[in-house]
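Residue numbers (the working numbering): 744 to 1151.
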Amino acid sequence: MDEDNGPRMDVSVCSGLSEEEPDCLEDLTPEMNREWMLAERGAPSCCVVDGATEEFFDFEDVLGTGMDMVLLAKEKLSGRMVAVKRISCERNVEVEILRRVNHPSIVRAEKVFKSLDKANLDIVMEFVPGGDLFEYLSRGSRRISEQRARAVVSQISSALAYLHERGIVHFDVKLENVLVEESGTELKVHLCDFGISEFLPMRKRRSTISRDGDSQRDFEYCSWRTVDAKKRSVLGTRGYIAPELVGETSRNSKVGTPVDMYSLGVMIVVMLSGKFPSDESLSNGRLFDDPFWEDIRPDAKHLISSLLAKNPLTRATASDVLKHKWLSDAIPAEEDVLAPRLRSLCIPMRSSLSSNDIVGSFEHKRRSSPICKRSGLEAPIDLWHPTSTSTLSTIFKRKLTDCDLVSQ
């Protein structure tokens, strides 16, 4: 509102973390928190309707099966393709998030159907035909330019900045949760899968200020709080999880938006090197000792280091990434091609392996990178989630022929 039109509420945007939370902040009751939470995130952009999705769409294929199933469907009236994610009504946070976000780098929800028995919700979303980023990087002898890597990081950082400003933490940022849309030389990406995402709790404080010494106005400020790490039953995907979520320190950890930034740092490492950073290399500061990092620009390594900071208070924010030199500086054309570095993530496509062997190889990768769950409220343990899978392994399960696999 304009300053002369009465009270307003300002939103203080931050990571939700601070050395000490000020005493002047007041906890909201659950009812007040939900009211403020939904109001501050904006009006819903799509509606929830009662009825069967099958009345309006024909299901044609399975796109992914993880904690939930994602189906490819065709709209009966227009013939256009959409993605439909079916979730339990008990896990409606994803619906609340998708209904309230509108960003070009976040997958768009169009409508939500509630089953007649009130047990399930079907989220109708835009269909992104390029698959996920892991699949994109793993195709054949795919080469990725540093310019394209920067484009991916810029778009995901923009999406995270948008979410974090609204007090939303994704909690599962990874290659498999980034959908790719390729058009000529342009590469667009869309962050998806908010299945374990969370709205940060809110706090408010009031202050009275004077203007020109003749009048006083009350202001209400809203800020995001942290959540207790020990209260989260699902932590994320192993390899991408921030250190404050695991280990002994997690018992007293307050976690917020920095967990997403750590995951983004891991994503950049994997994109540029084809390897996940090891715990040893992170703890002893020797992540960049491998010779292949010699070809990577110093600005990129500086950004990675700032994202993988062990202390979440010093970790780079999404806004920091968008302003970082690695994204803003031009790269000479002769320095813009990265060597293929994904041999540790995928098997060579030009091989004599049968499609069954290929499926087996990716099934092994799936078991070695599970979703991590916490046992009760105690220290976390790593468990293989038997239904956790990426779009890539789903594609390979269709038993494509070797000829299809080696095509360029």
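Ideal Cβ positions, reconstructed from N, Cα and C, are used throughout, including at glycine.
Given this structure, state the Cα-to-Cα distance separating residue i from residue j, to the nearest angstrom.
{"i": "I866", "j": "L814", "result": "10 angstroms"}
{"i": "G1017", "j": "D793", "result": "45 angstroms"}
{"i": "K931", "j": "H846", "result": "12 angstroms"}
{"i": "H933", "j": "D1042", "result": "25 angstroms"}
{"i": "V855", "j": "H1045", "result": "42 angstroms"}
{"i": "G874", "j": "R891", "result": "16 angstroms"}
{"i": "A730", "j": "D860", "result": "Only positions 744 to 1151 of the chain appear in the structure, and residue 730 is not among them; the question remains open."}
{"i": "D1057", "j": "V844", "result": "For clarity, residue 1057 is Thr in the given sequence; the question names Asp instead. So the two alpha carbons sit approximately 27 angstroms from each other."}
{"i": "A862", "j": "V791", "result": "14 angstroms"}
{"i": "N920", "j": "V977", "result": "16 angstroms"}
{"i": "M1010", "j": "C832", "result": "31 angstroms"}
{"i": "V895", "j": "V827", "result": "25 angstroms"}
{"i": "M810", "j": "I830", "result": "9 angstroms"}
{"i": "D1072", "j": "E889", "result": "12 angstroms"}
{"i": "E987", "j": "R842", "result": "29 angstroms"}
{"i": "E818", "j": "A985", "result": "40 angstroms"}
{"i": "G1028", "j": "F799", "result": "55 angstroms"}
{"i": "I1039", "j": "S858", "result": "51 angstroms"}
{"i": "I840", "j": "L864", "result": "14 angstroms"}
{"i": "T928", "j": "V1013", "result": "22 angstroms"}
{"i": "D1033", "j": "E797", "result": "53 angstroms"}
{"i": "L1025", "j": "F877", "result": "23 angstroms"}
Leaving out the 5 sequence neighbours to the left and right, which residues in its chain are closer than 6 angstroms to residue i when beta-carbon positions are compared?
{"i": "F802", "result": "L814, A816"}
{"i": "L1070", "result": "R893, S897"}
{"i": "G1008", "result": "I1047, L1050, L1051"}
{"i": "F1053", "result": "Just to set this straight, residue 1053 is Lys in the shown sequence, not Phe. P986."}
{"i": "S1006", "result": "V916, Y983"}
Which stretch, first to last residue, makes up the beta strand (DSSP E) that contains residue i?
{"i": "A852", "result": "852-857"}
{"i": "A1169", "result": "No information on residue 1169 is available, as it lies outside the stretch 744 to 1151 that the chain covers here."}
{"i": "K931", "result": "929-934"}
{"i": "E818", "result": "812-818"}
{"i": "L806", "result": "800-808"}
{"i": "L1070", "result": "Not the beta strand (DSSP E): L1070 falls in the alpha helix (DSSP H), residues 1068-1071."}
{"i": "I849", "result": "Looking at the DSSP string, I849 is not in any beta strand (DSSP E), and its letter there is neither H nor E."}
{"i": "V792", "result": "791-793"}
{"i": "S866", "result": "The residue you asked about is not Ser; residue 866 is Ile in the sequence shown. Element bounds for I866: 863-869."}
{"i": "G938", "result": "No beta strand (DSSP E) contains G938, which DSSP labels as neither H nor E."}
Among residues of its own chain, excluding the 5 on either side of residue i, which ones have a beta-carbon nearer than 7 angstroms to its beta-carbon?
{"i": "V912", "result": "S940, E941, L943, G999, T1000, V1002, D1003"}
{"i": "A1061", "result": "S900, L903, A904, H907, M1004"}
{"i": "R882", "result": "none"}
{"i": "F1031", "result": "K1044"}
{"i": "I1074", "result": "E889, Q890"}
{"i": "M868", "result": "V825, A826, K828, V850, R851, A852, E853"}
Provide the residue span of the alpha helix (DSSP H) that contains residue i, from first to last.
{"i": "G735", "result": "Residue 735 falls outside the range modelled here, since the chain spans only 744 to 1151, and no answer is possible."}
{"i": "I1047", "result": "1041-1050"}
{"i": "S881", "result": "876-881"}
{"i": "S926", "result": "Run containing S926: none in the alpha helix (DSSP H); it sits in the beta strand (DSSP E), 921-926."}
{"i": "D1022", "result": "1022-1026"}
{"i": "E907", "result": "It should be noted that the sequence gives His, not Glu, for residue 907. Per DSSP, H907 belongs to the alpha helix (DSSP H) from 889-908."}
{"i": "V838", "result": "836-842"}
{"i": "S831", "result": "Looking at the DSSP string, S831 is not in any alpha helix (DSSP H); the run it does join, the beta strand (DSSP E), is 824-831."}
What whole-angstrom Cβ distance do residue i and residue j have, given they're in contact under 8 angstroms?
{"i": "K1068", "j": "Y983", "result": "That belief does not hold up - the Cβ atoms of K1068 and Y983 are roughly 25 angstroms apart, past 8 angstroms."}
{"i": "S848", "j": "L1065", "result": "Contact flag wrong, Cβ pair sits at about 12 angstroms."}
{"i": "E853", "j": "V871", "result": "So it is not a contact: roughly 13 angstroms between Cβ atoms."}
{"i": "G979", "j": "D915", "result": "5 angstroms"}
{"i": "L922", "j": "V850", "result": "6 angstroms"}
Below 8 angstroms CB to CB, which residues in the same chain sit around residue i once its five sequence neighbours on both sides are set aside?
{"i": "D719", "result": "Because the chain spans 744 through 1151 in this model, residue 719 falls outside it and cannot be assessed."}
{"i": "E925", "result": "G873, Y879, K931"}
{"i": "G956", "result": "Any answer about G956 is weak, because its pLDDT of 49 lies below 50 and its placement is not dependable; what the coordinates show is given next. The answer is none, since no qualifying residue turns up."}
{"i": "L820", "result": "F799"}
{"i": "E1037", "result": "none"}
{"i": "D1063", "result": "S1049"}
Distance cutoff 9 angstroms, beta carbons only. Does residue i sit that close to anything in chain D?
{"i": "P944", "result": "No chain D is part of this structure, which consists of one protein chain only."}
Touching or not, the stretch 1017-1030 and the stretch 906-919, by the rule of three or more beta carbon pairs under 8 angstroms?
no
Contact between the stretch 925-944 and the stretch 828-837 is defined here as three or more beta-carbon pairs at a separation below 8 angstroms; is this criterion met?
yes
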